[in-house]
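*Asks:* Can you keep this structure in mind? I'll have questions shortly.
Protein chains: 4
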Amino acid sequence: MNHIREKEPIFTLSAGPVAAYPRVLRALSSPIQYDYDAYFQAFYESVARKCSTALRTKEPALILHYEPAAAIEAAATSLIGPDDVVLNLASGVYGKGFGYWSARYNKELVEIEVPYNEAIDPQQVEDAFRRRPDIRIVSLVHHDTPSGTINPAREIGATVRKHGALLLVDAVSSFGGMDIHPGDCNADIFITGPGKCLGGAPGVTIVAVSDRAWEHMAANPKAPRASVLSYLDWRDAWSKEKPFPFTPSVAEVNGLDAVLDQYLEEGAENVWQRHALTAKACRAGMQAMGVKLWAKTEEIASPTTTAVRVPESLSDSAILSAAKDLYGVAFSAGRGDTLGKLIRIGHMGPVAEPFYAVIAVSAFGGALRCLGQKIDLTAGVEATMAVIDAAKKK
Amino acid sequence: MNHIREKEPIFTLSAGPVAAYPRVLRALSSPIQYDYDAYFQAFYESVARKCSTALRTKEPALILHYEPAAAIEAAATSLIGPDDVVLNLASGVYGKGFGYWSARYNKELVEIEVPYNEAIDPQQVEDAFRRRPDIRIVSLVHHDTPSGTINPAREIGATVRKHGALLLVDAVSSFGGMDIHPGDCNADIFITGPGKCLGGAPGVTIVAVSDRAWEHMAANPKAPRASVLSYLDWRDAWSKEKPFPFTPSVAEVNGLDAVLDQYLEEGAENVWQRHALTAKACRAGMQAMGVKLWAKTEEIASPTTTAVRVPESLSDSAILSAAKDLYGVAFSAGRGDTLGKLIRIGHMGPVAEPFYAVIAVSAFGGALRCLGQKIDLTAGVEATMAVIDAAKKK
Amino acid sequence: MNHIREKEPIFTLSAGPVAAYPRVLRALSSPIQYDYDAYFQAFYESVARKCSTALRTKEPALILHYEPAAAIEAAATSLIGPDDVVLNLASGVYGKGFGYWSARYNKELVEIEVPYNEAIDPQQVEDAFRRRPDIRIVSLVHHDTPSGTINPAREIGATVRKHGALLLVDAVSSFGGMDIHPGDCNADIFITGPGKCLGGAPGVTIVAVSDRAWEHMAANPKAPRASVLSYLDWRDAWSKEKPFPFTPSVAEVNGLDAVLDQYLEEGAENVWQRHALTAKACRAGMQAMGVKLWAKTEEIASPTTTAVRVPESLSDSAILSAAKDLYGVAFSAGRGDTLGKLIRIGHMGPVAEPFYAVIAVSAFGGALRCLGQKIDLTAGVEATMAVIDAAKKK
Amino acid sequence: MNHIREKEPIFTLSAGPVAAYPRVLRALSSPIQYDYDAYFQAFYESVARKCSTALRTKEPALILHYEPAAAIEAAATSLIGPDDVVLNLASGVYGKGFGYWSARYNKELVEIEVPYNEAIDPQQVEDAFRRRPDIRIVSLVHHDTPSGTINPAREIGATVRKHGALLLVDAVSSFGGMDIHPGDCNADIFITGPGKCLGGAPGVTIVAVSDRAWEHMAANPKAPRASVLSYLDWRDAWSKEKPFPFTPSVAEVNGLDAVLDQYLEEGAENVWQRHALTAKACRAGMQAMGVKLWAKTEEIASPTTTAVRVPESLSDSAILSAAKDLYGVAFSAGRGDTLGKLIRIGHMGPVAEPFYAVIAVSAFGGALRCLGQKIDLTAGVEATMAVIDAAKKK
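These protein sequence lines map, in sequence, to chains A, B, C and D.
The numbers in my numbering rise by one with no breaks, and the one at position 185 of the first sequence is 185.
The numbers in my numbering rise by one with no breaks, and the one at position 172 of the second sequence is 172.
The numbers in my numbering rise by one with no breaks, and the one at position 193 of the third sequence is 193.
The numbers in my numbering rise by one with no breaks, and the one at position 47 of the fourth sequence is 47.
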């Protein structure tokens, strides 16, 4: 027994890990099966196939047994060889970070970087290919979570494909909360996980890998094998006929199965719709209250996370503490370069329900007010509810 | 919903992953908390401290968010620098395997290898240091699971310490099932996990790291940072005041907490005693039945896994299938060089209860018999029960 | 699998059953033990003793294996004999209902009834004893849930004891959410359950029975035996030495154990405090918005349920549907005579957290507004938050 | 936290409550829903309909929110009126017990009683009707659990129907473990529950009631209403359009839903087959060991419970204690008149798997032996395994 003095949040509106759906929690308590038993091997294959149904791909997905950031590192290590020129697209902290991983392995790193409240312009990508037709790999973060902004993955993906390069997409905090799939954006490696919009636990990663990407990895002389960083080790592990290179995280696989059931049974479009509406209601409320969105334009604001600017006279930590202490609501701070500048309200999984926007706006507004900020809390609540009421009346 | 045709085992007597204790399954269904919330940070510190109570170390343990094999690779990567001469002790497949990881990073690999049904002799280690006083790191698998054999870690550890080298111990499948701790064997890196004798889920690792080992890693110019392979990234993450370098596997930490409660509340000595008795009863039954132990001497047979030789005229897979199909009992095959030569019966966690030895012996014997082998099944059952009855009557 | 089209509520703010605490849900998934095994018998005794710790009584509590309404019927059947004059105190639907059960068994029913938005005046009880000194049993509902009103149990209890009568108290929806115990009000039979303020499942009942009440039942020639209605059958069942007359509801006992741990570990006073603050904030918001409380005076409004009047031009079902459909919030209608006249907002167990009052007020106000009612929603939200902010700043 | 010194059984082979299936335990941890919410009402109806699928009846089943013994009492109270002549068939303690309940309400009790190791002969029933054509209600325990014996329900049911009487069948510990349904035996009230062969928790009851039985109850002037003993109160409660008369046990309904999924997805015939085989293997082993079956003939021995005679020189409690202490195996004693005379080994739900017969036989034999009894344990194990091997080889 742990006697922790800190109180658990009443409402977790973080940018992840997020509260899991009840059915996922139950699935996490399923018996731990022996990984080499035929039952578990058949179960694992069924889960890999279910991933691909959700991802709308043909091949069973790759399941990696650690959190998505590790899987992105492993993707860089596995994919990027010493002859590869990599174009890294950085519109935020996570995008920028990929460049550092890339640089460990690539021949040359080319980077497009925009201010962290803006999105990459596909024309910039087109221009980069014109300047550097030898770009072989392009890396993109679809939703740069520390900024709460979305990049135009479809348009960028079309450009990359046109030029014959490989595209790696980090869709960790967008897939499952909005309409994005590997096929939509011609992604060759598309990485996501259950711990964000899918409402599951954060210890496992789902990856869709194209045949072209497998070929590139197989040809990469530096691609790791017999390593936690290896994609190739796990290539065939989805098959019930094949052994696992390492022990899979059985409990996480049990949870992942339920995450996918939840998503597929509710219907992807229904899930996206409630994410979008929650975010729209939240943005409306924040703006009506006089709080500024971080995203330069509302068009690039994520439907799964609302990032708002920290008012000049306040610190982010004071606001976060006030929201937690007064109201039991947990929000997220920024990360790296956005740390201190913004606060993030997650709309992911089970809290991507419109009325949570009322909670977010009133708790955030209440916290600001208690810290002496003059904001119009009731205008915020009104605007939030107006969005919900309008949507539901349809 | 998955409609898997394969039936789940009724009794999982594998060498791991093993069935988890009911309280661990319940803990795995605890709410997923936001990792940056103060509640979770305090909880995480409490779990790291509880690990150290179980490990009987002073410092909070390092928790790594993948399975132990990955943590062993990461240990090699983090610890072994380009100037290090490494003595690798190989008495089995896992010990041998560590040499390959070591060779990626070390200056020179020195290896002592014994037949995989024997144990390392501490004198061999002493001799190695005499020949090569420049050995800087020694690596040892305490229980080489694919062989079901135990190495004399205490004696080897004393020798290593005497010579001033660092000792890395893989105690993944022995800690929690017998009397072994980092301090017992002067281990500088001591790796274990909840998915074996502790009766938990297999997706997380517990490591005790000595100050000397931390210093060595800090001085290693090749020690990875900002990587899933980095130990240094996580060094201070146990503290509730410090951020996590990556997202921890929240559900696995929830499970780990319960694993430790189970172990500490039952009492370590009580837990070891039932592991030892189960194994002793199983060995007695197998031998009485005419089945040969894999271990050259019973002294080195593990109290957490009984490995028995596959009779000459049979294949391991035929025996495993028969035991599963006829009786619903899952055993483990060998691995690598021991594959095909032996079958392993796990005595770990909730199945480390003496009467499971009756199940193991009668199912194994029944399977052999159904495959045409002439064995004396009832002698096996009698011998197994005699051990249990004798122990309980005390 | 059930494919139910109806959506689950996002927020259950009912007057019970209420959402259970996560630890209670986990406990409900504990293994089902054999009731005659010594382990379960010892566990059952420990739970009965833990009940008495919570109830602040000396004797282990009586646990009955159905919901509290059944236990109240059984109390009437077991306690009230053919020679008993019963004074029934009716300030609401549940109080009135007890009179019907009483009348099946008693010699004569004397009743004090007040309008269902008022409380019993202890002086009325004093007067009744003066008129009818032969009153032997008094029955009182402490919190008449269908009205959301509290009766002065302490004062009434003192009067009843003074006159030597037995007092039966229904504290089903007040115990655990406010300061009331059997000793406080001299209750001879005090009935409560885990499904309301304690945040558990509703299928079991906890009863404190005084020695005087046991004696009265033992002397009652009509007290049932070998029956689900019998209290006497279960009198000694708490003891690990005694058999169970019927099979106990093992899963409910597992849940009850966790309910009590939650309550006792958090600390009763802390639990009451958050119930009271949530209700106060809710009442403030409702009134500021122009919604009228059902209770005649705020002093008798329950800290565990806020009952508000249905505006004249609207139906309760329209409001309930709007709150559920627009916002995912489930409230409760009235019961019996209060049905259609009021709506109830529960503040029980895990939702007895102040910020839920913001949810209640904004959802209730939003529903009214969508139905064309002119109310000042923002004044409601402001008033609710003002109460919370004031309390937390202390 | 409870620190119970008694150890939980490792193997629960009781006659119930039995260990629940893992999926049932998980379902018991589902969120507690508000019973008046449309979601729960629709869910409840779906569960009532799923019961009827399992029971192979047309109408949704009646779900009662306490354990089956209470539901049998309630059936007697609801069905048997002051003008009814009741024929009670007593082949065991439970059958005999129903007569006492019947006698509280009936005009006259006619009883056929046979020794408690025998079954009712249908001809006796035919003869009874000849003698007493005014018999209006017949009551039968299909599996008299305290004896482990089965009555010929089909034949008796045909006779009862021929004579126009109503038949009440207690199938609590047979339904779900063998081929018996209300339609098979013309039952008018057929009572069972999830806590025995269905592998669930014991706090709820499933009843199939025929139209004829409902009419009889409706016409019974003494049938209780507004009471926990009333069937009529709950008649329409299955419908999502109708309110609940009392609060249903939400958690138990959640568990019941999973119990039915388990049964229907595995396939009733498959479930019965493994119950039958387990019992057959157990009987073979016990007899080979020299232990005598309680049932006069093997034909009437239950496929869900094996009752064996306590050897003359021993006490049942000594055997039960030895099996628990030495091997962690919990068996059941007898009840009432069979207490002390027999020990019962349950084959129900998840332990109705053939290899559990090996556990039962070796633990029972081992216990006898440790108490000084001369029995041939190995002959028992051999005979048990021979039955399993023969069945699996088919």
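Here a beta-carbon is modelled for each residue, glycine too, at the ideal position from N, C-alpha and C.
Can you name the start and end residues of the alpha helix (DSSP H) that E155/B belongs to?
*Replies:* For the purposes of this step, residue 155/B is taken as residue 155 along the second sequence, with counting starting at 1. Per DSSP, E155/B belongs to the alpha helix (DSSP H) from 153 to 162.
*Asks:* Would you kindly report the start and end of the unbroken beta strand (DSSP E) that includes S139/D?
*Replies:* Here the question's residue 139/D lines up with position 139 in the fourth sequence. That run of the beta strand (DSSP E) goes 135 to 141.
*Asks:* Give a yes or no on whether the C-beta atoms belonging to V361/A and L377/A are separated by under 9 angstroms.
*Replies:* For the purposes of this step, residue 361/A is taken as the residue at position 361 of the first sequence. For the purposes of this step, residue 377/A is taken as the residue at position 377 of the first sequence. Cβ atoms of V361/A and L377/A: closer than 9 angstroms.
*Asks:* For S29/B, which residues in chain D fall below 7 angstroms Cβ to Cβ?
*Replies:* As a position in the second sequence, residue 29/B is number 29, starting the count at 1. Within chain D, the residues near S29/B are S29.
*Asks:* Can the beta-carbon of V24/C be found closer than 9 angstroms to that of A153/C?
*Replies:* By 1-based counting over the third sequence, the position of residue 24/C is 24. By 1-based counting over the third sequence, the position of residue 153/C is 153. Contact flag unset, no.
*Asks:* Name the two residues that bound the continuous alpha helix (DSSP H) containing A258/C.
*Replies:* Here residue 258/C is taken as the residue at index 258 of the third sequence, counted from 1. Note, A258/C: alpha helix (DSSP H), 250 to 266.
*Asks:* Residues of the region 355 to 381 of chain B in Cβ contact with chain D at a cutoff of 9 angstroms, in chain order, please.
*Replies:* Listed in sequence order: F355, Y356, V358, I359, S362, A363, G365, G366, R369, C370, L377, T378, A379, V381.
*Asks:* Is the CB-CB distance between L140/D and L109/D below 9 angstroms?
*Replies:* For the purposes of this step, residue 140/D is taken as residue 140 along the fourth sequence, with counting starting at 1. For the purposes of this step, residue 109/D is taken as residue 109 along the fourth sequence, with counting starting at 1. It is not a contact, given that the beta carbons lie outside the stated cut-off.
*Asks:* So that I know if they touch, is there some Cβ in chain B lying closer than 9 angstroms to that of R136/C?
*Replies:* Within the third sequence, residue 136/C is the residue found at index 136, counting from 1. Not closer than 9 angstroms to any Cβ of chain B, the Cβ of R136/C fails to qualify, so no.
*Asks:* Go ahead and pull the three-state DSSP assignment for N270/D.
*Replies:* On the fourth sequence, residue 270/D is found 270 positions in, with the first residue counted as 1. DSSP places N270/D in helix when its eight states are reduced to three.
*Asks:* Among residues of its own chain, excluding the 5 on either side of G334/D, which ones have a beta-carbon nearer than 6 angstroms to its beta-carbon?
*Replies:* For the purposes of this step, residue 334/D is identified with residue 334 of the fourth sequence, where counting begins at 1. Within the same chain, G334/D has close Cβ partners P146, K341, L342.
*Asks:* If I measure Cβ to Cβ from L339/B and keep anything under 7 angstroms in the same chain, skipping five residues before and after, which residues do I get?
*Replies:* Working through the second sequence from its first residue, we reach residue 339/B at position 339. Cβ neighbours of L339/B beyond the five flanking positions: A333.
*Asks:* Quick check: does the Cβ of R56/A come within less than 8 angstroms of any heavy atom belonging to the ligand PLP?
*Replies:* Inclusion of the ligand PLP in the displayed structure is not the case, the ligand content being empty and no account of it being possible.
*Asks:* For L198/C, I'd like the list of residues in its chain whose CB is within less than 7 angstroms of its CB, leaving aside the five on either flank, ordered along the chain.
*Replies:* Walking along the third sequence from the start, residue 198/C turns up at place 198. These residues qualify, in order along the chain: G176, V259, Y263, G349.
*Asks:* Can you give me, in chain order, the residues of the region 308 to 333 of chain C that have a beta carbon less than 8 angstroms from any beta carbon in chain A?
*Replies:* If the cut-off is 8 angstroms between Cβ atoms, the region 308 to 333 of chain C has D325, L326, Y327, G328, V329 near chain A.
*Asks:* With 9 angstroms as the threshold, decide whether the Cβ of M348/C is near any Cβ in chain A.
*Replies:* Taking the first residue of the third sequence as position 1, residue 348/C is located at position 348. No, its Cβ sits nowhere closer than 9 angstroms to a Cβ of chain A.
*Asks:* Using 9 angstroms as the threshold, is the C-beta distance between I189/A and S173/A below it?
*Replies:* Residue mapping note: residue 189/A aligns to position 189 of the first sequence, counting from 1. Residue mapping note: residue 173/A aligns to position 173 of the first sequence, counting from 1. No. Outside cutoff.
*Asks:* Just the C-alpha distance for A307/A and F355/C, rounded to the nearest angstrom, thanks.
*Replies:* Counting from one through the first sequence, the residue named residue 307/A turns up at place 307. Counting from one through the third sequence, the residue named residue 355/C turns up at place 355. Rounded to the nearest angstrom, the two C-alpha atoms are 22 angstroms apart.
*Asks:* Leaving out five residues before and five after A251/D in sequence, what residues of the same chain have Cβ atoms less than 6 angstroms from its Cβ?
*Replies:* In the fourth sequence, counting from the first residue as 1, residue 251/D sits at position 251. Within the same chain, A251/D has close Cβ partners L28.
*Asks:* Three or more C-beta pairs under 8 angstroms: does that hold for the region 48 to 67 of chain D against the region 180 to 189 of chain D?
*Replies:* Enough Cβ pairs lie closer than 8 angstroms, so yes.
*Asks:* Tell me the rounded alpha-carbon separation between K395/B and D121/A.
*Replies:* Outside the displayed span of chain B (1 to 394) sits residue 395/B, for which this structure offers no information.
*Asks:* Just checking my contact of N88/B with G95/B at CB under 8 angstroms: how many whole Å lie between their CB atoms?
*Replies:* The residue labelled residue 88/B in the question sits at position 88 within the second sequence. The residue labelled residue 95/B in the question sits at position 95 within the second sequence. Yes, they are in contact, since the Cβ atoms of N88/B and G95/B sit about 7 angstroms apart, within 8 angstroms.
*Asks:* Using three-state DSSP, classify M289/C as helix, strand or coil.
*Replies:* The residue given as residue 289/C occupies position 289 in the third sequence. Three-state result, M289/C: coil.
*Asks:* Looking at the unbroken alpha helix (DSSP H) that takes in E215/D, where does it start and where does it end?
*Replies:* Against the fourth sequence, residue 215/D aligns to sequence position 215. Unbroken alpha helix (DSSP H) run through E215/D: 211 to 219.
*Asks:* Taking R225/A as the reference, which of K240/A, A75/A, F11/A has the closest Cα?
*Replies:* The sequence position of residue 225/A within the first sequence is 225, counting from 1. Nearest C-alpha to R225/A: A75/A.
*Asks:* Opposite E126/C in the DSSP bridges: which residues?
*Replies:* Locating residue 126/C in the third sequence gives position 126, counting from the first residue. Answer by DSSP bridge pairing: none, since E126/C is not bridged.
*Asks:* Which residues bound the beta strand (DSSP E) around F190/C?
*Replies:* Sequence index remark: in the third sequence, residue 190/C carries index 190 (1-based). Counting along the chain, the beta strand (DSSP E) containing F190/C begins and ends at 189 to 192.
*Asks:* Nearest to A390/B by CA position, among A367/D, A301/D, G380/D, E382/D, is which residue?
*Replies:* Working through the second sequence from its first residue, we reach residue 390/B at position 390. The option with the nearest alpha carbon to A390/B is A367/D.
*Asks:* Could you check the C-alpha separation between I191/D and Y105/C for me, to the nearest Å?
*Replies:* Residue mapping note: residue 191/D aligns to position 191 of the fourth sequence, counting from 1. Residue mapping note: residue 105/C aligns to position 105 of the third sequence, counting from 1. Answer to the nearest angstrom: the Cα atoms are 30 angstroms apart.
*Asks:* Output yes if chain B places a C-beta closer than 9 angstroms to the C-beta of E353/A; else output no.
*Replies:* As a first step, residue 353/A must be located in the first sequence, where it is residue number 353. Not an interface residue.
*Asks:* Comparing the C-beta of P68/B with each C-beta of chain C, is any distance below 9 angstroms?
*Replies:* Sequence index remark: in the second sequence, residue 68/B carries index 68 (1-based). Chain C, which has no Cβ nearer than 9 angstroms to the Cβ of P68/B, makes this no.
*Asks:* Tell me which residue opens and which closes the alpha helix (DSSP H) that E45/C is part of.
*Replies:* Translated into the one-based positions of the third sequence, residue 45/C becomes position 45. Element bounds for E45/C: 38 to 55.
*Asks:* Can you confirm whether K50/A, when its beta carbon is compared against all beta carbons of chain C, has any partner nearer than 9 angstroms?
*Replies:* As a position in the first sequence, residue 50/A is number 50, starting the count at 1. False, the Cβ-Cβ gap to chain C never drops below 9 angstroms.
*Asks:* Just reading off the beta strand (DSSP E) that V308/C is part of, what are its end residues?
*Replies:* Position 308 of the third sequence holds residue 308/C. V308/C -> beta strand (DSSP E) spans 305 to 309.
*Asks:* DSSP three-state label for E382/A, please.
*Replies:* Here the question's residue 382/A lines up with position 382 in the first sequence. Reduced to three states, the DSSP call for E382/A is helix.
*Asks:* What do you reckon, are the CB atoms on G285/D and G365/D nearer than 9 angstroms?
*Replies:* The residue labelled residue 285/D in the question sits at position 285 within the fourth sequence. The residue labelled residue 365/D in the question sits at position 365 within the fourth sequence. Cβ atoms of G285/D and G365/D: closer than 9 angstroms.
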